[in-house]
Amino acid sequence: MAMVRRRFSMNKMHEVAKYEYTRHVNNKAFWITLFAVPAGILLIMLLSVVITFASIDTDPVGYVDQAGLIKQPQVQPEKTSFFEPFIPLIPYADETSARWAAEDGQIQGYFVIPQGYTDSYQLIYYFNKPLSSEIRTEVDTLIRTNLLAGETIPNFERLTEGSHFTQASLDGTRIVGENEAAKIIIPMVVSILFVIAVMSSGGYLLQALVEEKENRTMEIMVTSVSPNQLMAGKIIGNLSVGLTQLLAWMVVAAAVLIGFGDRIPFMQNLQIPWGELILSLLLMLPAFVFTSALMAIIGSTVTESQEASQVTGLITLPIFLPYFFLSFILQNPNGTFARILSFFPMSAPLAMSTRIAITNVPSWEIILVFVIMILFCLLTIWLAGKAFRQGMLQYSKRVPLKQLLKKEAGRE
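Here the working numbering runs 1 ahead of the position in the sequence shown, where the first position is 1.
Structure representation (structure tokens):
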């Protein structure tokens, strides 16, 4: 009998979730947000490409060939264009002369082809300005041309992949490994999309609850389902809306990477850090749930849409908190401040995603953050059910959280 009752309860939650999902997906605002976000990102990317090409430094770059690979010098093309600039590569006999030229400003920097290059395909680039994709292309073309013209038959698959660059500033203060930018930027972009999806889908739930409370349709709905079933169904439906948006945006991003990755400077030779990306996505799931529950609490305890919008800022601010202190996190990702942000449920998704992208975070910290977020999910869902019940009883009055806790504590 208990199993039949539980199945009946699950069916009702499913019906509520299905109704909420269909209702929000059929809303014009959902489609505007769905298309506006990727369109805005694509526009920003297009502008960044134009700005990147406009600011390309075509000053010469030096190289020191310790492996003795370069027999044929670089060939300058007959025509160059805005999108196909030419960067001269100048040979130097040793690192001392190349460094002197770089420090004197005669060249942007210089790269060293070490002995045994064909075993590792590793290059070291010493720079005044960080390595650009145009320099990388010129260097790979020069080395590939000479290897193909040599007596030794190269590994064609490895040759096509190109060289791996380790970058070091001339003063020795900065060392940048291969694919460092992608490791940081990709999880952060996913985090930003998550925040947009959470806030937009949570906004739908908040608006719906306030409207149902104002026109008293909430009282009609609870005649066929319990308050807890209704609230759980609404949260599940809202979660599904947010995940639909996030999935759609990720499909667009994947299509851009596949179709245009080789034509966009930043995306050339881009390697996606799947481990960090998957961990970031897993951190987002409980955050989706408790953010929806918090929106439900606000929607159940206020009486007007304007008041709800004002209170929503209290949720938005903690979520964005890691971005306000991004420089501190990047400088000391395992410091006390970064860890505090990681263990605070509201800021944990962005803070921990950033830390995972740039450093090795202890496994126990990641597990602890998941446990904290899941416990916070359970707490907010419980509070959402209580708030919904109290809000239904006082549909024309605002229910302060302090009063809500007092009443429910007394009831318990």
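All C-beta atoms in this analysis are idealised placements derived from N, C-alpha and C, irrespective of residue type, glycine included.
Quiz item: Candidates Gly234, Arg356, Asn27 and Glu139: which alpha carbon is nearest leucine 284's?
Solution: Along the sequence shown, one-based indexing puts residue 284 at 283. When each option's Cα is compared against that of leucine 284, the closest is Arg356.
Quiz item: Can you tell me the Cα-Cα spacing of leucine 295 and leucine 48, whole angstroms?
Solution: Reading the sequence shown from its first residue, position 294 is the one you call residue 295. Reading the sequence shown from its first residue, position 47 is the one you call residue 48. Cα to Cα, the separation comes out at about 37 Å.
Exercise. Measure the C-alpha to C-alpha separation of leucine 149 and leucine 90 and round it to an integer number of angstroms.
Key: For the purposes of this step, residue 149 is taken as residue 148 along the sequence shown, with counting starting at 1. For the purposes of this step, residue 90 is taken as residue 89 along the sequence shown, with counting starting at 1. Roughly 19 Å separates the two Cα atoms.
Quiz item: On the three-pair Cβ rule with 8 Å, is the segment 115 to 125 touching the segment 91 to 105?
Solution: By the Cβ rule, the segment 115 to 125 does not count as touching the segment 91 to 105, because fewer than three pairs are nearer than 8 Å.
Quiz item: With a Cβ-Cβ cutoff of 8 Å, do serine 192 and proline 350 count as a contact?
Solution: The residue given as residue 192 occupies position 191 in the sequence shown. The residue given as residue 350 occupies position 349 in the sequence shown. A contact, by the Cβ cut-off of 8 Å.
Exercise. Please name the residue in Val290, Tyr205 and Ala233 whose C-alpha comes closest to that of phenylalanine 389.
Key: Working through the sequence shown from its first residue, we reach residue 389 at position 388. For the options Val290, Tyr205 and Ala233, the alpha carbon positioned closest to that of phenylalanine 389 is the one of Ala233.
Exercise. Express the C-alpha separation of methionine 353 and aspartate 58 in angstroms, rounding to a whole number.
Key: For the purposes of this step, residue 58 is identified with residue 57 of the sequence shown, where counting begins at 1. For the purposes of this step, residue 353 is identified with residue 352 of the sequence shown, where counting begins at 1. In this structure, the alpha-carbon of aspartate 58 lies about 36 Å from that of methionine 353.
Quiz prompt | For alanine 254 and valine 5, the rounded distance between their alpha carbons | solution = Within the sequence shown, numbered from 1, the residue matching residue 5 stands at position 4. Within the sequence shown, numbered from 1, the residue matching residue 254 stands at position 253. Low confidence applies here, because valine 5 scores a pLDDT of 41, under 50, leaving its location unreliable; read the following figure in that light. Alanine 254 has its alpha-carbon roughly 44 Å from the corresponding atom of valine 5.
Quiz item: Hey, proline 287 and methionine 374: beta-carbon distance below 8 Å or not?
Solution: Numbered from its first residue, the sequence shown carries residue 287 at position 286. Numbered from its first residue, the sequence shown carries residue 374 at position 373. Their beta carbons are under 8 Å apart, which means proline 287 touches methionine 374 by this criterion.
Quiz item: On the three-state DSSP scale, how would you describe leucine 90?
Solution: The sequence position of residue 90 within the sequence shown is 89, counting from 1. Correct three-state label for leucine 90: strand.
Quiz prompt | Length of the line joining the Cα atoms of valine 38 and serine 134 | solution = To locate residue 38, count along the sequence shown from 1; it is residue 37. To locate residue 134, count along the sequence shown from 1; it is residue 133. Roughly 27 Å between the two C-alpha positions.
Quiz item: When the Cα atoms are used, what is the spatial distance from methionine 14 to leucine 247?
Solution: Counting from one through the sequence shown, the residue named residue 14 turns up at place 13. Counting from one through the sequence shown, the residue named residue 247 turns up at place 246. Just so you know, the alpha carbons of methionine 14 and leucine 247 end up roughly 23 Å apart.
Exercise. Indicate the three-state DSSP secondary structure (helix, strand or coil) for aspartate 120 in the structure shown.
Key: By one-based count along the sequence shown, residue 120 stands at place 119. Collapsing the DSSP output to three states places aspartate 120 in a helix.
Self-check item: Nearest to threonine 421 (by Cα), restricted to the options Pro74, Gly276 and Gly63
Solution: Absent from the structure is residue 421, since the part of the chain shown begins at 2 and ends at 413.
Self-check item: 7 Å Cβ shell around glutamine 230 - same chain, five flanking residues per side excluded
Solution: Numbered from 1 along the sequence shown, position 229 holds the residue referred to as residue 230. Excluding sequence neighbours, glutamine 230 sits near Ser10, Lys13, Met14 and Val17.
Exercise. Ignore the nearest five residues each way along the sequence and tell me which others in threonine 360's own chain have a CB closer than 7 Å to its CB.
Key: Translated into the one-based positions of the sequence shown, residue 360 becomes position 359. Apart from the 5 residues on each side of it in sequence, threonine 360 sits with its Cβ closer than 7 Å to the Cβ of Pro334 and Asn335 in its chain, given in chain order.
Self-check item: tyrosine 127 versus asparagine 28 - alpha carbon distance
Solution: If you number the sequence shown from 1, residue 127 lands on position 126. If you number the sequence shown from 1, residue 28 lands on position 27. Tyrosine 127 and asparagine 28 have their alpha carbons spaced roughly 54 Å apart.
Exercise. Return the Cβ separation of serine 164 and valine 140 in integer angstroms, given the expectation that the two are a contact with Cβ distance under 8 Å.
Key: In the sequence shown, residue 164 corresponds to position 163, counting from 1. In the sequence shown, residue 140 corresponds to position 139, counting from 1. Contact flag correct, Cβ pair sits at about 7 Å.
Quiz prompt | N-terminal and C-terminal residue of the alpha helix (DSSP H) that glutamine 168 is part of | solution = In the sequence shown, the residue the question calls residue 168 occupies position 167. If you look at glutamine 168, you'll find it isn't in any alpha helix (DSSP H); it sits in the beta strand (DSSP E) that goes 165 to 170.
Quiz item: What first and last residue would you give for the beta strand (DSSP E) that runs through phenylalanine 112?
Solution: By 1-based counting over the sequence shown, the position of residue 112 is 111. That run of the beta strand (DSSP E) goes 110 to 114.
Quiz item: Run through DSSP, which three-state label would phenylalanine 338 get?
Solution: As a working mapping, residue 338 is identified with position 337 in the sequence shown. The answer is helix: DSSP assigns phenylalanine 338 an H, G or I state.
Practice problem: Would you list the one or two residues that DSSP bridges to valine 62? | Solution: For the purposes of this step, residue 62 is taken as residue 61 along the sequence shown, with counting starting at 1. Answer by DSSP bridge pairing, in chain order: Leu90.
Self-check item: Anticipated Cβ contact below 8 Å, leucine 70 with isoleucine 144, distance rounded
Solution: Translated into the one-based positions of the sequence shown, residue 70 becomes position 69. Translated into the one-based positions of the sequence shown, residue 144 becomes position 143. The Cβ separation is near 7 Å, so the contact holds.
Quiz item: Does DSSP put phenylalanine 414 in a helix, in a strand, or in coil?
Solution: It is not possible to answer for residue 414, since the shown part of the chain is limited to 2 through 413.
Practice problem: Using 7 Å as the cut-off, classify the Cβ of phenylalanine 371 as near or not near the heavy atoms of the ligand NAP, replying yes or no. | Solution: Ligands in the displayed structure: none, and consequently the ligand NAP is not present.
Quiz item: If you draw a straight line from the alpha carbon of glycine 411 to that of valine 26, how long is it in whole angstroms?
Solution: The sequence position of residue 411 within the sequence shown is 410, counting from 1. The sequence position of residue 26 within the sequence shown is 25, counting from 1. Residue confidence is low: glycine 411 scores 47 on pLDDT, short of 50, so the model does not pin down where it sits. No coordinate-derived value is stated.
Quiz item: Could you give the distance in angstroms between the alpha-carbon of tyrosine 20 and the alpha-carbon of isoleucine 368?
Solution: As a position in the sequence shown, residue 20 is number 19, starting the count at 1. As a position in the sequence shown, residue 368 is number 367, starting the count at 1. Tyrosine 20 and isoleucine 368: Cα-Cα distance of roughly 35 Å.
Exercise. Measure the CB-CB distance between glutamine 67 and proline 115 and report whether it falls below 8 Å.
Key: Within the sequence shown, the letter at position 66 stands for residue 67. Within the sequence shown, the letter at position 114 stands for residue 115. Yes, the pair counts as a contact, with Cβ atoms nearer than the cut-off.
Quiz prompt | Opposing strand residues paired with tyrosine 126 [DSSP bridges] | solution = By 1-based counting over the sequence shown, the position of residue 126 is 125. Answer is Phe112 and Gln168.
Quiz prompt | Close-in-space but distant-in-sequence residues of the same chain around proline 323 (CB under 7 Å, 5 per side omitted) | solution = As a position in the sequence shown, residue 323 is number 322, starting the count at 1. Taken in chain order, the residues that qualify are Ile330, Leu342, Ser348, Leu351, Ala352 and Thr355.
Exercise. Measuring alpha carbon to alpha carbon, tell me which of Arg100, Ser281 and Gln73 ends up nearest threonine 142.
Key: Residue mapping note: residue 142 aligns to position 141 of the sequence shown, counting from 1. For threonine 142, the closest of Arg100, Ser281 and Gln73 by C-alpha to C-alpha distance is Gln73.
Quiz item: Exposed or buried, which one is lysine 235 when buried takes at least 16 other CB atoms within 10 Å?
Solution: Counting from 1 along the sequence shown, the entry for residue 235 is found at position 234. Counting Cβ neighbours within 10 Å, lysine 235 comes out buried, since at least 16 surround it.
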